[in-house]
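>
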Amino acid sequence: EPNKVTYSAIIDSLCKDKLITDAFNLFSEMKNKGILPDCATYNSLIQGACNLGQWKEATRLRSEMVTMNIIPDVFTFKILLDAICEEGQMDGANKVFDLMISKGLLPDVISYNILINGYCKCRRIDEAMRFFNEMSQIGLIPNTVTYTTMIGGLYLGGRDVAAKELFKEMASEQPVDVVTYSTMLDGLCNHRNLDEALVLFQAMKDDELVSIIVCYNVLIEGVCKSGRIEDAREMFSALLVKGLHPTVVTYTIMIN
């Protein structure tokens, strides 16, 4: 006879396979047999509902948890936060964030990253920056994802000077990875700071971080947009010399 662990494991698997109807049927069977679900069971269903864009169902499940005296954990709230932010419903996300804190659950770096990313995508840069600064105030250390997201948001909001300052701050405190470099390259190229982008690209070479094709793609596109076609050709040739394989994106940039 299946027990709580068995039911929860199968429900989780069904949700991951996006078989949400089957998952809910099994969930009902579980409860009808008097087997009480726990927080992990609800988290699987909430995640499954969110993955399919069923936000109201996800919120209903969270309310049902409270009714059944099952206390949502940080993971529950992070699932909801991520889903609501993906929809661009930042006011709703803020309410969920405040509710999490009111329940005595301390947000972690990932929770803040989700919110910051959501605000940046909606170009609400001041609010993103407020949460970024709040992290340090409560003793959380922004990680690479936090910095990269905020830098990208600042560039998106046309604040290239602030983005460069934040990049310098990051570089002085922790290692910079390829994603951050490519975000900076993209921002510099889009704001027509091509010479600075080339200097940064050289720094990546020095750090041996230039073996990622996406960085070449970003810079080649920036060089092409500036009309420096010969420089773009040289970079394209350098790819082959280094044994890197141009992607469809690389060829499309060059053809254009």
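Numbering (the UniProt record's numbering), first residue to last: 1 to 256.
Glycine included, every Cβ here is placed at the ideal spot set by N, Cα and C.
1) Determine, using beta carbons only, whether Thr149 and Cys120 come nearer to each other than 8 angstroms.
2) Helix, strand or coil for Leu198 per DSSP?
3) Using a Cβ-Cβ cut-off of 6 angstroms (strictly less than) and excluding sequence neighbours within five positions of Asn117, which residues of its own chain qualify?
4) Excluding the 5 residues flanking Val249 on each side, which residues of the same chain have their C-beta closer than 6 angstroms to its C-beta?
5) Rounded to whole angstroms, what's the CA-CA distance from Phe201 to Leu185? Just pull it up for me.
6) Determine the burial state of Gly48: buried for a count of at least 16 other Cβ atoms within 10 Å of its Cβ, exposed for fewer.
7) Under 7 angstroms Cβ to Cβ from Glu86, same chain only, skipping five residues before and after it: list those, please.
8) Per DSSP, what kind of secondary structure is Gln47 in: helix, strand or coil?
9) Nearest to Thr247 by CA position, among Ser8, Lys103 and Ile213, is which residue?
10) Could you check if Val5 is buried or exposed, using at least 16 other CB atoms within 10 Å of its CB as the buried criterion?
11) Runs of 3 residues minimum, wholly inside the UniProt repeat "PPR" (73-107): which ones carry the beta strand (DSSP E) assignment?
12) Count the other CB atoms within 10 Å of the CB of Asn43; is the residue buried (16 or more) or exposed (fewer)?
13) For Tyr147, collect the residues of the same chain with a Cβ closer than 7 angstroms to its Cβ; drop the 5 residues on either side in sequence, then sort them by chain order.
14) According to the Cβ coordinates, are Asp82 and Ile125 closer than 8 angstroms?
15) Excluding the 5 residues preceding and the 5 following Gly153 in the sequence, name in chain order all residues of the same chain whose CB lies nearer than 6 angstroms to its CB.
16) Is the CB-CB distance between Tyr155 and Asn133 below 8 angstroms?
17) Could you give the DSSP three-state label for Gly34: helix, strand or coil?
18) Could you tell me which of Ala23, Gln54 and Asp12 sits nearest to Ala40, measuring between CA atoms?
19) Quick one, are the C-beta atoms of residue 261 and Met254 less than 8 angstroms apart?
20) Please go through the same chain and pick out, in chain order, the residues whose beta-carbon is closer than 8 angstroms to the beta-carbon of Ile151, but skip the five residues on each side of it.
21) Who are the near neighbours of Ile46 in its chain, counting only those whose CB is closer than 6 angstroms to its CB and skipping five residues on each side?
22) Which one of Ile220, Ser226 and Ile110 has the shortest CA to CA distance from Thr252?
23) Below 7 angstroms CB to CB, which residues in the same chain sit around Val96 once its five sequence neighbours on both sides are set aside?
24) With a Cβ-Cβ cutoff of 8 angstroms, do Leu52 and Ile20 count as a contact?
25) Count the other CB atoms, across all protein chains shown, that sit within 10 Å of the CB of Leu240; report buried if there are 16 or more and exposed otherwise.
According to the structure shown:
1) Cys120 is positioned such that its CB atom lies closer than 8 angstroms to that of Thr149.
2) Helix at Leu198.
3) The beta carbon of Asn117 sits closer than 6 angstroms to the beta carbons of Thr149 from its chain, once the five residues preceding and following it are set aside; these are given in chain order.
4) The beta carbon of Val249 sits closer than 6 angstroms to the beta carbons of Asn217 from its chain, once the five residues preceding and following it are set aside; these are given in chain order.
5) Phe201 and Leu185: Cα-Cα distance of roughly 8 angstroms.
6) Label assigned to Gly48: buried.
7) Spatial neighbours of Glu86 in its own chain (CB-CB distance under 7 angstroms, excluding positions within 5 residues in sequence) are not present.
8) Gln47: helix per DSSP, three-state reduction.
9) Residue Ile213 is the option with its Cα nearest to Thr247.
10) With fewer than 16 other Cβ atoms within 10 Å, it is exposed.
11) Those beta strand (DSSP E) runs which fall completely within the UniProt repeat "PPR" (73-107) and span 3+ residues do not exist here.
12) By the neighbour-count rule (16 or more Cβ atoms within 10 Å), Asn43 is buried.
13) Leu166, Met170 and Thr180.
14) Asp82 is not a Cβ neighbour of Ile125, given a cutoff of 8 angstroms.
15) Answer for Gly153: Cys120, Ile125 and Ala128, listed in chain order.
16) In terms of Cβ geometry, Tyr155 and Asn133 do not form a close pair [threshold 8 angstroms].
17) Three-state DSSP puts Gly34 in coil, outside helix and strand.
18) Put simply, of Ala23, Gln54 and Asp12 the residue whose alpha carbon is nearest the alpha carbon of Ala40 is Asp12.
19) No answer is possible for residue 261: the residues shown for the chain start at 1 and end at 256.
20) Ala163, Leu166, Phe167, Met170, Thr180, Thr183, Met184 and Gly187.
21) Here Ile46 has Ala58, Leu61 and Ile79 as same chain residues with Cβ atoms under 6 angstroms from its own Cβ, once five neighbours each way along the sequence are excluded.
22) Among Ile220, Ser226 and Ile110, the Cα nearest to that of Thr252 is on Ile220.
23) Phe77, Leu80, Leu81 and Ile84.
24) Yes, the pair counts as a contact, with Cβ atoms nearer than the cut-off.
25) Classification for Leu240: exposed.
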